[in-house]
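S.K.:
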Amino acid sequence: MNLSLPEIQSLLKRISKAKKLTYSELAQRLEMSESGVKKLFSAKDISFKRLNDICDVLEVSLNDVLEEASSVEIREERFTDEQEKYFLKNMDCFHFFWKLVVERVNLETIKKDYSLTARQVSRYLTKLDQFNIIELHPGNRIKIPRRQSKRWVGRGPLTKKIQKEWGLKLWKEALEEQFDESESSTAKIRFLKLTPSSYEDLILAVSELEQEFIGRSTRELNLSKDKLLEVRLMSATSTGSFISSKGLS
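Per the working numbering, residue 0 is the first one in the sequence shown, and the count goes up by one each step.
(1) If we ignore side chains and look at the alpha-carbon of each, how far apart do Gln129 and Arg122 end up?
(2) Give me the DSSP bridge partner(s) of Leu135.
(3) To the nearest angstrom, how far is the alpha carbon of Asp44 from that of Leu4?
(4) Does the segment 227 to 239 touch the segment 199 to 212, meaning 3 or more C-beta pairs lie closer than 8 angstroms?
(5) Can you look up Glu30 in the DSSP assignment and give me helix, strand or coil?
(6) Return the first residue and the last residue of the alpha helix (DSSP H) that Ile45 is part of.
(7) Leaving out the 5 sequence neighbours to the left and right, which residues in its chain are closer than 7 angstroms to Leu135 when beta-carbon positions are compared?
(8) Do Glu58 and Gly155 have their C-beta atoms closer together than 8 angstroms?
(9) Taking the alpha carbon of Pro144 as the reference point, which residue from Glu175, Glu102, Thr185 has its own alpha carbon closest?
(10) When DSSP labels each residue in this structure, what does Leu250 get in the three-state scheme?
(11) Just the C-alpha distance for Ile7 and Asp63, rounded to the nearest angstrom, thanks.
(12) Leaving aside the five residues before and after Glu33 along the sequence, list all residues of the same chain whose C-beta is less than 6 angstroms from its C-beta, in chain order.
(13) Do Val120 and Asn105 come within 8 angstroms of each other at the CB atom, strictly closer than that value?
(14) Going straight from the alpha carbon of Glu211 to that of Leu247, what length do you get?
(15) Which word fits Ser15, buried or exposed, when buried means at least 16 other C-beta atoms lie within 10 angstroms of its C-beta?
(16) Using the Cβ count rule (16 or more neighbours within 10 Å means buried), how would you classify Met0?
(17) Which residues in the same chain have their Cβ closer than 8 angstroms to the Cβ of Ile53, if we skip the five residues on either side of it in sequence?
Right, here's the structure in full:
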């Protein structure tokens, strides 16, 4: 783990900001002066004990902070052929996987919200354990891999199915908000004329923005105690016209 102190300090600042803690409040809890706290976040050297003290105040472990500071890159994830085939035939199990592992919803909440029986839950957990997606222990105690920044890739039948169905569903709902003149609507369609170089810049800018917020989502899910919004995001770009060759015939 090759981390610099400024990276750790930057992450601690973001965590304190997410928890709405001011320098004054941090100083009070650390029993320091406000100026002393500010110096900590810009110091060239901090003791291990002092880092632990800050983490205790922020209600996170130093180990979690170090892991988050080192997990900058987004990992590409794909289902195996066996997983694709099984989930495609058993979408209820896939939906259970998504709520539990991706959305990180508490198991008891999933059972209650979807009126699942103990038998159904046991079946789902056993299958996810067989796929090495989770670790299942006696008494349905589970260990879910630590959340990392991931981008789901692949072109298998399951991936195509959920991208098409979820993409259309999201776009339809976003358009309905647009037509209802909802202030929360973000549906946008644009036509641009760009040089090939500018088009490449656009693709890169969208990718970098996506990476920034995937990383932020991972950090907040792992470290934030605040209630998080469930956000769906879809982006698409393509060259060409909206009007087909038969559009004027």
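By construction, the Cβ of each residue, glycine as well, lies at the ideal position given by its N, Cα and C atoms. Since this is a predicted model, take the numbers as computed values, not measurements.
M.R.: On the basis of the coordinates in this document:
(1) Position 130 of the sequence shown holds residue 129. Position 123 of the sequence shown holds residue 122. Going from the Cα of Gln129 to the Cα of Arg122 covers about 11 angstroms.
(2) By one-based count along the sequence shown, residue 135 stands at place 136. In the DSSP output, where bridge partners are listed per residue, Leu135 has Ile141.
(3) Against the sequence shown, residue 44 aligns to sequence position 45. Against the sequence shown, residue 4 aligns to sequence position 5. Taking the straight line from one Cα to the other gives about 8 angstroms.
(4) yes
(5) Position 31 of the sequence shown holds residue 30. In this structure, Glu30 counts as coil in the three-state DSSP scheme.
(6) Indexing the sequence shown from 1 puts residue 45 at position 46. Neither: Ile45 is in no alpha helix (DSSP H) and is coded neither H nor E.
(7) Here residue 135 refers to the residue found at position 136 when the sequence shown is read from its first residue. The answer, listed in chain order, is Leu124, Thr125, Asp128, Ile141.
(8) As a first step, residue 58 must be located in the sequence shown, where it is residue number 59. As a first step, residue 155 must be located in the sequence shown, where it is residue number 156. Going by C-beta atoms, Glu58 is not nearer than 8 angstroms to Gly155.
(9) Locating residue 144 in the sequence shown gives position 145, where the first residue counts as 1. Here the closest residue by C-alpha is Glu102.
(10) This structure gives no information on residue 250, because the portion of the chain shown stretches from 0 to 248.
(11) The residue labelled residue 7 in the question sits at position 8 within the sequence shown. The residue labelled residue 63 in the question sits at position 64 within the sequence shown. Looking at the two C-alpha atoms, the distance is approximately 11 angstroms.
(12) Counting from one through the sequence shown, the residue named residue 33 turns up at place 34. Contacts found: Tyr22, Ser23, Ala26.
(13) Reading the sequence shown from its first residue, position 106 is the one you call residue 105. Reading the sequence shown from its first residue, position 121 is the one you call residue 120. Cβ distance not < 8 angstroms, so Asn105 and Val120 don't count as in contact.
(14) For the purposes of this step, residue 211 is identified with residue 212 of the sequence shown, where counting begins at 1. For the purposes of this step, residue 247 is identified with residue 248 of the sequence shown, where counting begins at 1. Glu211 and Leu247: Cα-Cα distance of roughly 42 angstroms.
(15) As a first step, residue 15 is located in the sequence shown; it is residue number 16 there, counting from the start. The residue in question, Ser15, is buried, as its Cβ has 16 or more Cβ neighbours within 10 Å.
(16) Position 1 of the sequence shown, counted from the first residue, corresponds to residue 0. Interpretation of Met0 is limited by its pLDDT of 46, a score under 50 that renders its predicted location unreliable; the figure taken from the coordinates is listed afterwards. Under this definition Met0 is an exposed residue.
(17) Locating residue 53 in the sequence shown gives position 54, where the first residue counts as 1. Excluding sequence neighbours, Ile53 sits near Leu11, Leu25, Leu29, Leu39.
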